[in-house]
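Chains as they are written, first to last, in this note's numbering: chain A, 7 to 146; chain B, 7 to 146. We put the CB at the ideal spot given by N, CA and C, even for glycine.
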DNA sequence: AATAATATGCAACTTAGTTGCATTTAATTA
DNA sequence: TAATTAAATGCAACTAAGTTGCATATTATT
Ligand SMILES: [Mn+2]
Ligand SMILES: [Mn+2]
Ligand SMILES: [Zn+2]
Ligand SMILES: [Zn+2]
C-alpha cells in the first residue's frame, strides 16, 4: 500500500464539501499512516522530506482537519498538541495513553468512559477526558 | 482569619525540613486562600499587589512546592499550568474540572478513579488522570 | 559574627502557537 | 478553456509560557 493514504485522504477531505488542497491531503496522508499521535513538529519534519510546507500553514491545516473531525488533538504535559486521525470506530470518546519517558501518545480505543459525574451545583457537564500515564513498550 | 494562611504555610514548609523562605511562604499562603487552581500569572498578580516577586523565582518556588507535595499542578488545554494546594484528603488521585469558557480549574475530590486499565502488551501503567470538561456556575 | 549552601533577581534565551497582509490557488461560472 | 472570486498559503513579525546562566542576597548552621 504505497500511497493509498493519499487517496484515502482525498476521499475524506472531498467528503467534507470544502476545498481539497494539496497541503490538506499531504498532512492527512501522513496522519493516516501513523499508529500514534504526532506533534506539529513531527508532522512538519515528515512533510519536509519531500516538499517544504510553511509551519504557519501547517498549523492552519491541522486546525482545519480538527474542526472538520478528521483528526483530534490531544494536550500533553509538555504543552504540545498531538494529532491523531479519527478512525471509524474512533470518533467516540476514548482514553489516551501518554508515555512519561518519550512523551509518545496513543489512543486507547477499547477503553470506554462512563460519564455524568456529580459536579458542584450550577455546573454544566460536557465531556470527560481520561489520560493514562505510564511507560510505553519501547521505553521500559 | 486574616493571615492564618501565612501561618499555616509556615507550618507546612517548616515541616518539609527545607528552607523556610519569604517567597515560599507568600506563594503558598496565596494558594491556601484559593478554592481553585491558579496559573503562574494569577499568582504573580496577587503577589505583586503587596510586594514584587520576580517571575523566574516564582516559577522556581512553584516547582519546589510541587516537588515537595505541598501543591499539585494541572495541565490545561491553554498550555498553561495551574497550581492548587494539596489539602489533607486531597493528595490522593482525584479528578479535575475545567471550564471551557473561562478556563477555571477546580479539583473534584469526591470523584474516585478506579485504576488498572488494560494497556497494550509491554506497556507499564503508572497512573490515570481524569478531566471533566464543562461550564462552571459563573459562566452558565 | 563567620561560613556555606541555597534562594533570588536579572538578562537573555527557547519554543509553541498566533496575527496581518500580500500573493497564490481551488472551485465556480461564463 | 478563460475569467472570477473566495479561500488557502507564505512570510515576517509577534505573543507568551517557561528555561538557563550567573552574579548577588538570604537562610540556617557553627
Ligand atoms: Mn485519541
Ligand atoms: Mn486537583
Ligand atoms: Zn515511551
Ligand atoms: Zn467558567
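message: Applying the 10 Å Cβ sphere with the 16-neighbour rule, what's the burial state of residue 142 of chain A?
response: buried
query: On the three-state DSSP scale, how would you describe residue 39 of chain A?
result: coil
- prompt: What are the boundary residues of the alpha helix (DSSP H) that includes residue 76 of chain A?
  reply: Per DSSP, residue 76 of chain A belongs to no alpha helix (DSSP H) and is neither H nor E.
- request: Sort A/21, A/144 and A/113 by Cα distance to residue 138 of chain A and report the nearest one.
  value: A/113
- prompt: Got a sec: is the Cβ-Cβ distance from residue 48 of chain B to anything in chain A below 8 Å?
  reply: no
- request: Tell me, please, whether the region 70 to 89 of chain A touches the region 32 to 48 of chain A by the rule of three or more beta-carbon pairs shorter than 8 Å.
  value: yes
message: So, at 6 Å on beta carbons, what are the nonlocal neighbours of residue 135 of chain B in its own chain, with the 5 sequence-adjacent residues on each side left out?
response: none
task: With DSSP as the reference, label residue 20 of chain B as helix, strand or coil.
output: helix
- prompt: When the Cα atoms are used, what is the spatial distance from residue 43 of chain B to residue 50 of chain B?
  reply: 13 Å
- request: Grab the span of the beta strand (DSSP E) containing residue 141 of chain A for me, first residue to last.
  value: 130 to 141
- prompt: Cβ atoms of residue 100 of chain A and residue 68 of chain A: under 8 Å apart, would you say?
  reply: no
query: For residue 88 of chain A, is the classification buried or exposed, using 16 other Cβ atoms within 10 angstroms of its Cβ as the cut-off for buried?
result: buried
message: Which residues in chain B have a C-beta closer than 7 Å to the C-beta of residue 81 of chain A? List them in chain order.
response: 81 and 83
task: Pull up the DSSP beta-bridge partners for residue 101 of chain A, would you.
output: A/114
task: Under the assumption that residue 30 of chain B contacts residue 70 of chain B (Cβ atoms under 8 Å), give the Cβ distance between them as a whole number of angstroms.
output: 7 Å
query: Shortest alpha-carbon distance to residue 63 of chain A belongs to which of A/81, A/128, A/28 and A/55?
result: A/28
- prompt: Is it true that the CB of residue 83 of chain A sits closer than 8 Å to the CB of residue 81 of chain B?
  reply: yes
query: Within 10 angstroms of its Cβ, does residue 146 of chain B collect 16 or more other Cβ (buried), or is it exposed?
result: exposed
message: If you follow the beta strand (DSSP E) that residue 52 of chain B is in, where does it begin and where does it stop?
response: No beta strand (DSSP E) contains residue 52 of chain B, which is instead part of the alpha helix (DSSP H) from 46 to 56.
- prompt: Which stretch, first to last residue, makes up the beta strand (DSSP E) that contains residue 91 of chain B?
  reply: 87 to 91
- prompt: When you compare each of B/33, B/20 and B/73 to residue 55 of chain B by their alpha carbons, which one comes out closest?
  reply: B/33
Residue 103 of chain B and residue 91 of chain B closer than 8 Å at C-beta: no
query: Expressed to the nearest angstrom, what Euclidean distance is found between the alpha-carbon atoms of residue 18 of chain A and residue 9 of chain A?
result: 14 Å
query: On the three-state DSSP scale, how would you describe residue 9 of chain B?
result: coil
Residue of B/144, B/11, B/127 and B/65 minimising C-alpha distance to residue 144 of chain A: B/127
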